[in-house]
Structures are given as C-alpha cells and as structure tokens.
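Undergrad: Its first residue numbered 2, the sequence shown is counted upward by one per residue in the numbering used here.
Think of the CB as a built atom: it goes at the ideal place given N, C-alpha and C, for glycine as much as any other residue.
Take this structure, written in structure tokens, and hold onto it; I'll ask about it next.
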Amino acid sequence: MTLREAISKFDRESKNNIPDDIKIEWVSLLDSAIYNDIILTHETKTPLSFSGYTTQTDDNTVLLVPEPFSDIYLRFLTIKKDLYLSDISRYNNDVVLYSTAYRDFENYYNRNNMPIKKTYYFNA
C-alpha cells in the first residue's frame, strides 16, 4: 500500500475534513513505531531505512506494512481521528481494532524474521 492509497482509503471510509498533512504525519508516526519497535529488532536480508514522511514525500512511497496487514493504517488513522475530534467512546472501540491489527502484523513479522541476538558480558 502506498501513502496515497492509505489516505485515500481512509477518506473514502471515514468522511472527514482533516488536512492531508496531519494524516501524513499520523502515518509517519505509525511507520516510525513499527520501524523502531519491530523491524530494527530483527535480522533482515535487505537493509531497510526509514526517515519518516512529510508533505514532500512522494505519494507513491510504499509503506512498511505489506498486504494483508495494511489495514493497520486505516485503523491507526481512525483512532487518531477519534482523538482529534475528542470522540472518546469511538476511540475506545476503534483502539481494540487497531491493537488487533498491530498485534497480527507483529506476530507475522516475528514468525518470519529472526530477532537480533544480543550478547551481554558481565565482568566479575
């Protein structure tokens, strides 16, 4: 899924007047968390870097989470919208869906990538 596809899908499914720059910032926050908390903690065959998304980022930039787990972007944008609009009751429901999507991707990544082994040495 690309940056534009994620935002367009969110806009289609959740009518809103939130500016695109804010939605891009939210997607960047999510991918930053995924990059730091999941990807960097595992060995990868291909080196991957992430520096965030801005309004200057190409709309066709491919996001970090692949299909069939890319629904996580819609879920994250939805909970951020709920907070943006101070709709706490919707937030409480939507955060469960987001948490499930995040956990599903995390479990998939853990099954398919070896964690980085850290060795600690203790001096006596």
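Assuming T58 contacts I25 under a Cβ cut-off of 8 Å, what Cβ separation, rounded to an integer in Å, is found between them?
TA: 7 Å
Undergrad: Under 8 Å Cβ to Cβ from Y92, same chain only, skipping five residues before and after it: list those, please.
TA: I80, D83 and L84
Undergrad: Mind reading off the beta-carbon distance from S29 to G53? Whole number of angstroms is fine, and I expect it under 8 Å.
TA: Contact between S29 and G53 holds: CB atoms are separated by about 5 Å, below the 8 Å threshold.
Undergrad: Measuring CA to CA, which of L78, F123 and P20 is closest to Y99?
TA: A check of alpha carbon separations from Y99 across L78, F123 and P20 identifies L78 as the nearest.
Undergrad: Please report the Cβ distance between F51 and I73, rounded to the nearest whole angstrom; I am assuming they are in contact, meaning their Cβ atoms lie under 8 Å.
TA: F51 to I73, Cβ: 15 Å. No contact.
Undergrad: Run the CB neighbour count on I23, radius 10 Å, all protein chains shown included, and call it buried at 16 or more, exposed below.
TA: exposed
Undergrad: By the DSSP assignment, the alpha helix (DSSP H) with T101 in it spans what residues?
TA: Bounds of the alpha helix (DSSP H) holding T101 are I89 to N113.
Undergrad: By how many angstroms is the C-alpha of R112 removed from the C-alpha of K118?
TA: 15 Å
Undergrad: My output table needs one value for T3: the three-state DSSP class, helix, strand or coil.
TA: strand
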